[in-house]
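As given, the protein sequences belong to chains S and R, one line each in that order.
Under the numbering used here, the first residue of the first sequence carries the number 1, and numbering increases by one thereafter.
Under the numbering used here, the first residue of the second sequence carries the number 327, and numbering increases by one thereafter.
I have placed the structure first, in the form of structure tokens, so that the comments after it can refer back to it.
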Amino acid sequence: MSRTMMLGALAALVLAGFVASLALGPVAIDLGAALDAVFGTGPETLRLIVLEIRLPRALLALMIGAALGISGAALQGYLRNPLAEPGVIGVSAAGALGAVIVFYFGLARVFPLALPLGGLAGAALGVWLVYALAGRGGSTATLILAGVAVNALAGALTALALSLAPSPFATLEIIHWMLGGLTDRSMTHVWLALPFIAAGVLLLATLGRGLDALSLGEDAAASLGTNVPALRLKLMLGTALAVGASTAVAGVIGFVGPHLLRGRFGHRPGALLAASALGGGALTLAADLAARLILTDREINLGVLTAIIGAPFFLALVLQSRRSEP
Amino acid sequence: MTRLAAENVTVKLGPRAAVEGVVAAVASGELVGLIGPNGAGKTTLLRAMAGLVAPAAGRIVLDGRVLSELGRAARARRIGYLPQHGDIHWALPVAEVVLMGRLPHLGAWQRAGDLDRAIAKRAMLALDIADLAERAATRLSGGEKARVLLARALAGEPEILLADEPVADLDPYHRLEVMEHLVALAAQGTGVVVVLHDLALAARFCARLVLLDRGRVAAEGPPASVLTPENLAAVYRIEAVAGRHDGADYVLPWRRMPRA
Numbered sequence: 001m002s003r004t005m006m007l008g009a010l011a012a013l014v015l016a017g018f019v020a021s022l023a024l025g026p027v028a029i030d031l032g033a034a035l036d037a038v039f040g041t042g043p044e045t046l047r048l049i050v051l052e053i054r055l056p057r058a059l060l061a062l063m064i065g066a067a068l069g070i071s072g073a074a075l076q077g078y079l080r081n082p083l084a085e086p087g088v089i090g091v092s093a094a095g096a097l098g099a100v101i102v103f104y105f106g107l108a109r110v111f112p113l114a115l116p117l118g119g120l121a122g123a124a125l126g127v128w129l130v131y132a133l134a135g136r137g138g139s140t141a142t143l144i145l146a147g148v149a150v151n152a153l154a155g156a157l158t159a160l161a162l163s164l165a166p167s168p169f170a171t172l173e174i175i176h177w178m179l180g181g182l183t184d185r186s187m188t189h190v191w192l193a194l195p196f197i198a199a200g201v202l203l204l205a206t207l208g209r210g211l212d213a214l215s216l217g218e219d220a221a222a223s224l225g226t227n228v229p230a231l232r233l234k235l236m237l238g239t240a241l242a243v244g245a246s247t248a249v250a251g252v253i254g255f256v257g258p259h260l261l262r263g264r265f266g267h268r269p270g271a272l273l274a275a276s277a278l279g280g281g282a283l284t285l286a287a288d289l290a291a292r293l294i295l296t297d298r299e300i301n302l303g304v305l306t307a308i309i310g311a312p313f314f315l316a317l318v319l320q321s322r323r324s325e326p
Numbered sequence: 327m328t329r330l331a332a333e334n335v336t337v338k339l340g341p342r343a344a345v346e347g348v349v350a351a352v353a354s355g356e357l358v359g360l361i362g363p364n365g366a367g368k369t370t371l372l373r374a375m376a377g378l379v380a381p382a383a384g385r386i387v388l389d390g391r392v393l394s395e396l397g398r399a400a401r402a403r404r405i406g407y408l409p410q411h412g413d414i415h416w417a418l419p420v421a422e423v424v425l426m427g428r429l430p431h432l433g434a435w436q437r438a439g440d441l442d443r444a445i446a447k448r449a450m451l452a453l454d455i456a457d458l459a460e461r462a463a464t465r466l467s468g469g470e471k472a473r474v475l476l477a478r479a480l481a482g483e484p485e486i487l488l489a490d491e492p493v494a495d496l497d498p499y500h501r502l503e504v505m506e507h508l509v510a511l512a513a514q515g516t517g518v519v520v521v522l523h524d525l526a527l528a529a530r531f532c533a534r535l536v537l538l539d540r541g542r543v544a545a546e547g548p549p550a551s552v553l554t555p556e557n558l559a560a561v562y563r564i565e566a567v568a569g570r571h572d573g574a575d576y577v578l579p580w581r582r583m584p585r586a
């Protein structure tokens, strides 16, 4: 199958997941009625369920999956490491910290948008910190170490906020949000995250050629005309926008990346960007469907589900890469 | 006729000058050997000449124009660079790696076309790696990888090629093979600078040598005038056996000099 056809197949998968996400849930709605509701016809109750509950949820799953997928692919290409994902450079953790601080001070109840904005600010700060630590000409190893440091710092501060939380409610709120999920999200969340995610994804989508050249190392890439410092800056900015906005509206959702696609699309980083955006969208839509359908009486948090599926897979990847080392 | 020159170039790595006041040049059709002990500044000079590190003083000039004033793309089209211990980080097919040599010739959103593929194919044929086209680049022997990376550089059709120790990891057979390719490339009009530790290869294949010592040029000229017992003693602190064979000079490092 050619690359274009496989991209088409992934797009079809995304579409199927999206439509299923509108139709399936505690109340099953048939496909025709669900689509009618999207376009504003049909019974009032169905319109409410589809437009107010399921549409924002499906849109967020798609946006966030695409953002995490393309960020993961770009980071793997830049770090030249098939295990990399947004969590590695500390953006997710810093975004989470920003939101936790909002919970801690109870700002979310005073001003609803404080939560997403806090997440965005945290992610941007995390990226800035990683960039400042790794420096303009920093090597890949320095960048990873800086990511580890930011992760540790954000984790420690998050734990501090939890242990000092003013009330059990705040603790519960923080924990629930940290598990990651799309329950009770509205179109407000979609509109808030969309511009940032779109800007981030578009920025990352321009990096294909430079990431390809980086397969040969930084000097070779520079000699082939790649502006490596500019590429690094765009990568960090794009990741902060895409992942920061995602973390802000949905909490921490890990293990969405191009790992599964390498077998079919090959290892060329540029070729994996679009595939990983689509794949991430399809995966997140499917995981969110599973999160609401597996148990009949309550929902599983989306972030928990992706971690339960993703972590063993990640472990297998680590073992595999250990075996291939000389 | 293309000429790439370092004019009184000083390059600092941190506070230390790795290269200081170096004058050196390569022109079309020339094979220049850049030699010197470890830490002499060979790689730094080569990176400066490739435009990868900016000189703290002096300038790199390509055909009368300061290199830093040339755009990235224009520089990449004209100067090819082979880094030391070339890495290939992903299990890409060899054909894709070689095709990357064409990147400088493509517009921002342009994809490699038939002409690019034909040029890459020709580079692979020239280096006898056409049968490796579908092989994953991470599964190559040292000799194969060296040829693949050289083919990648040739695919860019550079006017000047700067190669940093392209034979370092190779056995004698493949060392001779790669050197013969570089000689042929120079004969076809490319200007080639090659960093070498193997003095026998330097004497045998290079028309001209530049000997670096602690960041400065210690000697420059035809191999016979550079690889003298005095220079080898002063710069490398070795004694060598020298002679002539097949109409070419050879030098064979023999023993270390006692510490002064």
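Backbone N, C-alpha and C define an ideal beta-carbon position, used for all residues, glycine too.
Neighbour flag for residue i against chain S, beta carbons, 8 Å
i                : result
proline 492/R    : no
isoleucine 445/R : no
tyrosine 499/R   : no
proline 341/R    : no
histidine 507/R  : no
arginine 473/R   : no
glutamate 395/R  : no
glycine 469/R    : no
aspartate 572/R  : no
leucine 418/R    : yes
leucine 453/R    : no
proline 584/R    : no
arginine 461/R   : no
methionine 450/R : no
arginine 398/R   : yes
histidine 415/R  : yes
Beta-carbon spacing of residue i, residue j below 8 Å
i             : j                : result
valine 387/R  : arginine 534/R   : no
glycine 330/S : glycine 126/S    : Outside the shown range of chain S (1 to 326) lies residue 330/S, about which nothing can therefore be said.
glycine 327/S : glutamate 85/S   : Any property of residue 327/S remains undetermined from this structure, which presents chain S solely from 1 to 326.
alanine 277/S : valine 201/S     : yes
alanine 287/S : leucine 305/S    : yes
alanine 329/S : threonine 158/S  : Coverage of chain S is limited to positions 1 through 326, which leaves residue 329/S absent and any answer about it impossible.
glycine 347/R : asparagine 364/R : no
Cβ-based burial, residue i [other Cβ within 10 Å; buried from 16]
i                : result
alanine 132/S    : exposed
valine 196/S     : Reading off the sequence shown, one finds phenylalanine at residue 196/S, where the question assumed valine. Buried, because 16 or more other Cβ atoms sit within 10 Å of the Cβ of phenylalanine 196/S.
glutamate 395/R  : exposed
glutamate 506/R  : exposed
proline 326/S    : In this prediction, proline 326/S has a pLDDT of 48, which is less than 50 and means its spatial position is unreliable; what the coordinates show is noted afterwards. Its Cβ having fewer than 16 others within 10 Å, proline 326/S is exposed.
glutamate 173/S  : buried
glutamine 320/S  : exposed
arginine 290/R   : In the structure displayed, chain R extends from 327 to 586; residue 290/R sits before or after that span and is not available.
isoleucine 308/S : exposed
methionine 326/R : Any question about residue 326/R goes unanswered here, given that chain R covers just 327 to 586.
leucine 553/R    : buried
glycine 340/R    : exposed
Test: residue i CB closer than 8 Å to a CB of chain R
i               : result
arginine 209/S  : yes
histidine 267/S : yes
leucine 212/S   : The residue asked about is misnamed: residue 212/S is aspartate in this sequence, not leucine. Interface residue, yes.
glycine 217/S   : yes
arginine 57/S   : no
proline 326/S   : In this prediction, proline 326/S has a pLDDT of 48, which is less than 50 and means its spatial position is unreliable; nothing more can be read from the coordinates.
Contacts around residue i, its chain only, beta-carbon distance under 7 Å, and the 5 residues preceding and following it disregarded
i               : result
glycine 42/S    : Ala33 and Asp36
glycine 155/S   : Ala93
aspartate 212/S : Arg268, Pro269 and Gly270
serine 567/R    : In the sequence as displayed, the identity of residue 567/R is valine instead of serine. Leu578 and Trp580.
The ligand FAD heavy atom lying under 7 Å from the CB of residue i
i             : result
glycine 469/R : Here there are no bound small molecules, and the ligand FAD is not part of this structure.
Own chain residues within Cβ distance below 6 Å of residue i, not counting five before or after
i               : result
valine 14/S     : Leu278, Gly281 and Ala282
lysine 368/R    : Leu360, Gly362, Val521 and Leu538
glutamate 485/R : Thr328 and Arg404
alanine 331/R   : Ala351 and Val387
tyrosine 104/S  : Ala161
Contacts around residue i, its chain only, beta-carbon distance under 8 Å, and the 5 residues preceding and following it disregarded
i              : result
arginine 348/S : No information on residue 348/S is available, as it lies outside the stretch 1 to 326 that chain S covers here.
Under 7 Å (Cβ pairs) to chain R, residues found in the segment 219-244 of chain S: Asp219, Ala220, Ala222, Ser223, Leu224, Gly225 and Asn227
Positions along the segment 352-381 of chain R whose CB lies within less than 9 Å of some CB in chain S: Arg373, Ala376, Gly377 and Leu378
Cβ-based contacts, 9 Å cut-off: residues of the segment 76-89 of chain S near chain R: Gly77, Arg80, Asn81 and Pro82
Contact set between the segment 553-579 of chain R and chain S, restricted to residues whose Cβ is under 9 Å from the partner: none
Members of the segment 429-443 of chain R near chain S, C-beta cut-off 7 Å: Leu429 and Pro430
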